[in-house]
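J.: Residue numbers (the numbering used here), protein chains in the order written: chain X, 614 to 777; chain Z, 332 to 412; chain U, 342 to 1088. Note that beta-carbon positions come from the ideal geometry of N, C-alpha and C, so glycine has one too.
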Amino acid sequence: MTRIHVNTTVNGDKVDFLADPRETLLDCLRDKVGMTGAKEGCGTGDCGACSVTLDGRLVCSCLVLGVEAEGKQVETIEGMANGGELHPLQQKFIEYAALQCGICTPGILVATQALLKKNPDPTEEEVRYWLAGNLCRCTGYDKIIRAVMDTAKDLRAEKVGGDV
Amino acid sequence: MVAVNLWSGLRRFTGGAEVVEVEAATVAEVLKALVEAHPGLDPVIKAGVSVAVDGEIVQRALNHPIQPDSEVFLLQQFRGG
Amino acid sequence: MALDNKSEFKYIGTRPNRPDGLDKVTGRARYGADAYAPGMLHGAVLRSPHAHAKILNIDASKALAMEGVKAIVTRNDFAKGLEGDDWDLLENTIAGEKTLYDGHAVAGIAATSVLVAKDALKLIEVEYEVIPHVTDVDAAMADGAPVIREGAADHSVPEGLHPNVVRYTEFGRGDLDAGFAAADMVVDRSFKTEAVHQGYIEPHACLADLGADGRGELWCCTQGHWFVRRMCSALLGLETTQLRVTASEIGGGFGGKTTVFIDPIALALSRKAGKPVKLVMSRSEVLKASGPTASASMDVKMGMTKDGKLTAATASFRMQGGAFPGAPMDMTTMLAFSCYALDNVHHEGFDVMTNRPKQAAYRAPGAPMGAFAVESVMDELCEGLGLDPIETRLKNAVKEGTKSAFGPRYKAIGLIETLEAARDHPHYSAPLAENTGRGVASGYWMNWGGETSVSLAIGEDGAVQVGVGTPDIGGSRASMALMAAEAIGIPYENVRVNVLDTAALGTNEPSHGSRATYASGLATIEAAREAIGKLCQRAADKWGIDAEAVEWKDGAAYPSGPNAGDFEPLSIADIAGEMGSTGGPITGHHDASPTGFGGSFGTHIVDVHVDPDTGRSTVKRYTVIQDAGKAIHPSYVEGQFQGGAAQGIGWALNEEYVYGEDGRLQNDVFLDYRIPVASDLPMIDTVIVEVPNPGHPYGVRGVGETGITPPLPAVANAISHATGHRMTRLPMSPPRVLRAIQGKGIS
Ligand code: FES
Ligand code: FES
């Protein structure tokens, strides 16, 4: 099968790769760009471990083709911290022990960041429904939800406005 | 002598006895003496058992000591997740 | 090892950030599928589409001819002449003469890309002869059921049972007839639970590199890499120490990653191709062909006096664990009545083979099913006699010195303390909304020690590294670091805990059986104490006094009293800074198979709302109360409680393996195999009870597994109270609950 040359931007950096038209964005990110932070838990859009944003929209990268990233902005977990400085969500997840094995964590962080951009003041129920596509088998979600709610509160107190 | 309590499914191999008295100072000696007394127990013990000594479950520590008045139970092997 | 009886802790019981936290929130942590090697090939596995079929012929010539295909392996590429467990493991890894379940591996392929490997799979031609199958446990024991494997039964099975019954157990004591005669009420019921999957989010993955000389490297996600080494060595005919296994970070296991599925295939492909091979399971492969738990069909009968004393209890458990022996009926039988003091008790267990994947351990393997049946009957007795379920449990609860239903007497345990805490918890007396029921249940898991080896070394600056062999599946690095910090008296941050590979330590059992914090923790403390002894010796040498005259406290050596001499204390950094010239490196090491682990009891309270029109059940409030002995890092103890409860809720309400008439798994994706999502659950409150384990210096009990045991009956009891119908089958899915409400049958 002929492969297609894809030019895209990942976490602000220009990258390019050759993709088989059947390859998913998840596989391209992991195997071609070398970003293994997004995980494959199911490959069918059911677990959210592969969550990334594509031009700001939260997607399951296992349901997006690599070639669809052409000309787009991809943001992954690797781009969440500002250099050595963790994003408040990342910091809070560690403090709250909101991860056990941690395999779901990259996807949940990316999804949560997208939520807080849209809705800086979510109710517990809104957080639970937003994250319903991100499976965590270890924690029972309790500490994850608490970490998210508390981060949202901090960020509102900081009044940073848009950029979470 | 140490009294070893078996599980009742094993009575078929011990001529009906559910408690077998053996001379033993360690778990390994208990297992050996059991097989000597009742060779039918050999495959059971080879397949793996756990031994409880005074409420402590000995999974692999065959050198675990046993006193004459110890309460000893032969148990099916434990498996965990 | 005995309890220190230390009442003041400096680090134990605090909640510092976990050392691997940064790696895990930034995507840096490397899990099973995150490894790459130069020249690496990608593997794929051809799997049986039939539940039961003879393999007449495999023709791989077309696949091999495809460009990019480098190796194909079948059963012939593995060790010959294996017996017992090793043969079972090989037979499950790759089929021999028959395929035994839908998804059973038949061949493996290695190619230059995943896509090529998958395309090539389609070119392998397998000629099958489909034969009759059976997937239900009761059907598999019935006359005329297809035989999975003739002669598989062991010595324990009495004559006259179907050949699919491969192990049998029976034990008890007392006089059942007299016991039941003394009862004012007797409940005798049958229950059924379906198989469920551990549902770890990370599929099995490995990277194998095995040379023709029999030396190799394996990177994989596993709960126990020494187990992996032993199993793979046996299946490939290698010497164990020639294979070095490195455990990646692990994305959940819950017992399901204590055995191997694809690792031997990857190694065989690598050996044949002469290149590293990466092999990753898809979710559908995980569900079809890794190791779900057993399903069970059970009868439980219990008698009680009108003042709430249990008089007798019997249980019979029929469990299928797939096409191999190994359903955990031993644990189910032993633990079914573990909460209660009983003079008259009897248990019977059957291990039955069916055309399903070989079951693997799942959190407290075997215990949840038994608890479901027993705690449901207990609830029905309390309801029938108008008794409070917690007071009644207290009346019958086991305590230190009670003879357990399986024989031995308990050491110090905390069931009563969890029941009292449940009774006094505000949840228990909170008012209930309409169509909502409250359920209570208790459960137990006994834990164990197992082979353990830990090494500790002091750095030149006085910081400490600890090497353990138990993969960190839920924060155990933090727990080990806390215990080392406590033992040595240095800050938590000065300890680094590494999970070492199989070449770096003696054998370690996996992180399973709730043993990691207990056993590796105990060995860490002992290794620290050995190092402290050496640190004291160096101080003594320097001061020219006896080592006995040196005391270690707060991370420094002190003269033990005025008679020992007047010296300035030497800190760990002082001593470590000079160690090269005072006798060389300072390390501590400990090897053991510790036996003093203590079991952990838990009691759960749950409120469930049932929609009378749809039968949909919603968990409204949940409280877990469990004995941790001593909580090293309370956040991760709570996390174990919450995670266990969530898995138990899933098992109770949604999860099940659904096999079709054709014997094929109908729900092999997460959309159809539905584990609880965030919007399904409320917050899960926790209460940590601490009754110290006398067999650990700090009193630690393993806490990982107990939490999945009470939810099944607690949720069932709640739904029974909400609907007025006793639920005896899991999962309690909306259609099933609706049928019960409409009076169309109890199941
Ligand atoms: S891997 Fe993409 S949703 Fe599960
Ligand atoms: S922490 Fe393991 S799946 Fe979420």
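Would you list the one or two residues that DSSP bridges to GLN408 (chain Z)?
T.: For the purposes of this step, residue 408 (chain Z) is taken as residue 77 along the second sequence, with counting starting at 1. Note: GLN408 (chain Z) sits in no beta bridge, so no partner.
J.: Nearest to SER389 (chain U) by CA position, among U:VAL414, U:SER402, U:LEU441, U:LEU430, is which residue?
T.: Counting from 1 along the third sequence, the entry for residue 389 (chain U) is found at position 48. It is U:LEU441 whose Cα lies nearest to the Cα of SER389 (chain U).
J.: Taking all protein chains shown into account, decide if VAL537 (chain U) is buried (16 or more other Cβ within 10 angstroms of its Cβ) or exposed.
T.: Taking the first residue of the third sequence as 1, we reach residue 537 (chain U) at position 196. So VAL537 (chain U) counts as buried.
J.: Enumerate in chain order the residues of its own chain whose CB-to-CB distance from ARG570 (chain U) is below 7 Å, with the five nearest sequence positions on each side excluded.
T.: The sequence position of residue 570 (chain U) within the third sequence is 229, counting from 1. The residues THR581, LEU584, VAL586, THR843, in chain order, have a CB closer than 7 Å to that of ARG570 (chain U) in the same chain once the five nearest residues on each side in sequence are set aside.
J.: I need the DSSP call for VAL498 (chain U), collapsed to helix, strand or coil.
T.: Here residue 498 (chain U) refers to the residue found at position 157 of the third sequence. Three-state result, VAL498 (chain U): coil.
J.: Please compile the residues from chain U whose C-beta is within a distance smaller than 8 Å of the C-beta of GLY340 (chain Z).
T.: Sequence index remark: in the second sequence, residue 340 (chain Z) carries index 9 (1-based). Taking a Cβ-Cβ cut-off of 8 Å, the neighbours of GLY340 (chain Z) in chain U comprise SER497, TYR509, THR510, GLU511, PHE512, given in sequence order.
J.: Could you pull the DSSP bridge partners for ASP400 (chain U) from this structure?
T.: Residue 400 (chain U) sits at position 59 when you count from the first residue of the third sequence. DSSP lists U:GLU466 as partners of ASP400 (chain U).
J.: Specify the secondary structure class of VAL1032 (chain U) as computed by DSSP and reduced to three states.
T.: As a position in the third sequence, residue 1032 (chain U) is number 691, starting the count at 1. In this structure, VAL1032 (chain U) counts as coil in the three-state DSSP scheme.
J.: Closer than 9 Å, Cβ to Cβ, to anything on chain U: give me those residues from the stretch 754-770 of chain X, in chain order.
T.: TYR754, ASP755, LYS756, ILE757, ILE758, ARG759
J.: With DSSP collapsed to three states, give me the class of PRO633 (chain U).
T.: The residue given as residue 633 (chain U) occupies position 292 in the third sequence. PRO633 (chain U) falls in the coil class under three-state DSSP.
J.: Contact check, ALA654 (chain U) vs LEU683 (chain U) under 8 Å by CB: the rounded distance?
T.: Within the third sequence, residue 654 (chain U) is the residue found at index 313, counting from 1. Within the third sequence, residue 683 (chain U) is the residue found at index 342, counting from 1. At roughly 6 Å, the Cβ-Cβ gap stays under 8 Å, so ALA654 (chain U) and LEU683 (chain U) are in contact.
J.: State the CB to CB distance for the pair ALA519 (chain U) and PRO504 (chain U), rounded to an integer number of angstroms; the pair is presumed to be in contact (CB under 8 Å).
T.: Here residue 519 (chain U) refers to the residue found at position 178 when the third sequence is read from its first residue. Here residue 504 (chain U) refers to the residue found at position 163 when the third sequence is read from its first residue. That belief does not hold up - the Cβ atoms of ALA519 (chain U) and PRO504 (chain U) are roughly 37 Å apart, past 8 Å.
J.: Taking only the alpha-carbon atoms, compute the straight-line gap between MET762 (chain X) and LEU729 (chain X) and give it to the nearest angstrom.
T.: Locating residue 762 (chain X) in the first sequence gives position 149, counting from the first residue. Locating residue 729 (chain X) in the first sequence gives position 116, counting from the first residue. The C-alpha of LEU729 (chain X) is placed about 10 Å away from the C-alpha of MET762 (chain X).
J.: Shorter than 8 Å from the beta carbon of VAL777 (chain X) to some beta carbon of chain U?
T.: Residue mapping note: residue 777 (chain X) aligns to position 164 of the first sequence, counting from 1. Low local confidence applies: a pLDDT of 48 at VAL777 (chain X) is under 50, so the model's placement there is unreliable, and no value is given.
J.: Go ahead and label PHE344 (chain Z) buried or exposed: buried means 16 or more other beta carbons lie within 10 angstroms of its beta carbon, across all protein chains shown.
T.: Position 13 of the second sequence, counted from the start, is the residue given in the question as residue 344 (chain Z). Burial state of PHE344 (chain Z) is buried, judged by a 10 Å Cβ sphere holding 16 or more other Cβ atoms.
J.: Tell me, please, whether the CB atom of ASN358 (chain U) is closer than 8 Å to any CB atom in chain X?
T.: In the third sequence, counting from the first residue as 1, residue 358 (chain U) sits at position 17. Using beta-carbon distances, ASN358 (chain U) counts as an interface residue toward chain X, with a partner under 8 Å.
J.: Take the Cβ of GLN1007 (chain U) as the centre, count every other Cβ of all protein chains shown within 10 Å, and call the residue buried at 16 or more, exposed below.
T.: Position 666 of the third sequence, counted from the start, is the residue given in the question as residue 1007 (chain U). Label assigned to GLN1007 (chain U): exposed.
J.: Whose Cβ in chain U lies nearer than 7 Å to the Cβ of ASP659 (chain X)?
T.: Stepping through the first sequence from its first residue, residue 659 (chain X) is reached at position 46. Those are VAL1010, PHE1011, LEU1012, listed as they occur along chain U.
J.: Where does SER934 (chain U) land, buried or exposed, given buried means 16+ other C-beta within 10 angstroms?
T.: Translated into positions along the third sequence, residue 934 (chain U) becomes position 593. By the neighbour-count rule (16 or more Cβ atoms within 10 Å), SER934 (chain U) is buried.
J.: Who are the near neighbours of TYR833 (chain U) in its chain, counting only those whose CB is closer than 7 Å to its CB and skipping five residues on each side?
T.: Position 492 of the third sequence holds residue 833 (chain U). These residues qualify, in order along the chain: TYR352, PRO357, ALA822, LEU823, ALA826.
J.: Suppose you measure from the CA of CYS573 (chain U) to the CA of LYS439 (chain U); what does that come to, to the nearest Å?
T.: The count along the third sequence starts at 1 and reaches residue 573 (chain U) at position 232. The count along the third sequence starts at 1 and reaches residue 439 (chain U) at position 98. The alpha-carbon atoms of CYS573 (chain U) and LYS439 (chain U) are separated by roughly 22 Å.
J.: Taking its Cβ as the centre, do 16 or more other Cβ atoms sit within 10 Å of GLY755 (chain U), making it buried, or is it exposed?
T.: Here residue 755 (chain U) refers to the residue found at position 414 when the third sequence is read from its first residue. Looking at its Cβ environment, which holds 16 or more other Cβ atoms inside 10 Å, GLY755 (chain U) is buried.
J.: Under the rule that 16 or more other beta-carbon atoms within 10 Å means buried, what is ASN696 (chain U), buried or exposed?
T.: As a first step, residue 696 (chain U) is located in the third sequence; it is residue number 355 there, counting from the start. With 16 or more neighbouring CB atoms inside 10 Å of its own CB, ASN696 (chain U) falls in the buried class.
J.: Closer than 8 Å is the cut-off here; do at least three beta carbon pairs connect the stretch 403-411 of chain Z with the stretch 746-753 of chain U?
T.: yes
J.: Please list, in chain order, all residues of the same chain as GLU892 (chain U) whose beta carbon is under 6 Å from its beta carbon, the five residues on each side excluded.
T.: Position 551 of the third sequence, counting from 1, holds the residue named residue 892 (chain U). Here the set comprises TYR899, SER901.
J.: Looking at the structure shown, is ILE946 (chain U) part of a helix, part of a strand, or coil, going by DSSP?
T.: To locate residue 946 (chain U), count along the third sequence from 1; it is residue 605. ILE946 (chain U) falls in the strand class under three-state DSSP.
J.: Would DSSP call PRO357 (chain U) helix, strand or coil?
T.: The residue given as residue 357 (chain U) occupies position 16 in the third sequence. The answer is coil: DSSP assigns PRO357 (chain U) none of H, G, I, E or B.
J.: Quick one: does VAL361 (chain Z) have its CB under 8 Å from some CB of chain C?
T.: Absence of chain C from the displayed structure is noted, the protein chains being X, Z and U.
J.: If you compare alpha carbons, which of U:VAL528, U:LEU576, U:GLY592, U:PRO605 is closest to LEU726 (chain U)?
T.: On the third sequence, position 385 is the one that residue 726 (chain U) refers to. Per the Cα distances, U:VAL528.
J.: Starting from the Cα of SER770 (chain U), find the closest Cα among U:PRO617, U:GLU909, U:ASP948, U:SER817 and give me that residue.
T.: On the third sequence, residue 770 (chain U) is found 429 positions in, with the first residue counted as 1. Here the closest residue by C-alpha is U:ASP948.
J.: Please list the terminal residues of the continuous beta strand (DSSP E) segment that includes TYR899 (chain U).
T.: Locating residue 899 (chain U) in the third sequence gives position 558, where the first residue counts as 1. Start and end: 897-900.
J.: Should LEU744 (chain X) be flagged as near chain U, meaning a C-beta pair shorter than 8 Å?
T.: Within the first sequence, residue 744 (chain X) is the residue found at index 131, counting from 1. Output row for LEU744 (chain X): interface = yes.
J.: Mapping the DSSP letters down to three states, classify LEU722 (chain X) as helix, strand or coil.
T.: Your numbering for residue 722 (chain X) matches position 109 in the first sequence. Correct three-state label for LEU722 (chain X): helix.
J.: In chain Z, which residues lie less than 7 Å from TRP789 (chain U) when you measure between Cβ atoms?
T.: Residue numbering aside, residue 789 (chain U) sits at position 448 when the third sequence is read from its first letter. Near TRP789 (chain U) (Cβ distances below 7 Å), the residues of chain Z are ILE388, GLN390, PHE409, GLY411.
J.: Please report whether the beta-carbon of GLY596 (chain U) lies at a distance below 8 Å from any beta-carbon of chain X.
T.: Counting from one through the third sequence, the residue named residue 596 (chain U) turns up at place 255. Cβ-Cβ to chain X under 8 Å: no for GLY596 (chain U).
J.: Taking three-plus beta-carbon pairs below 8 Å as touching, is the stretch 783-796 of chain U in contact with the stretch 853-865 of chain U?
T.: yes
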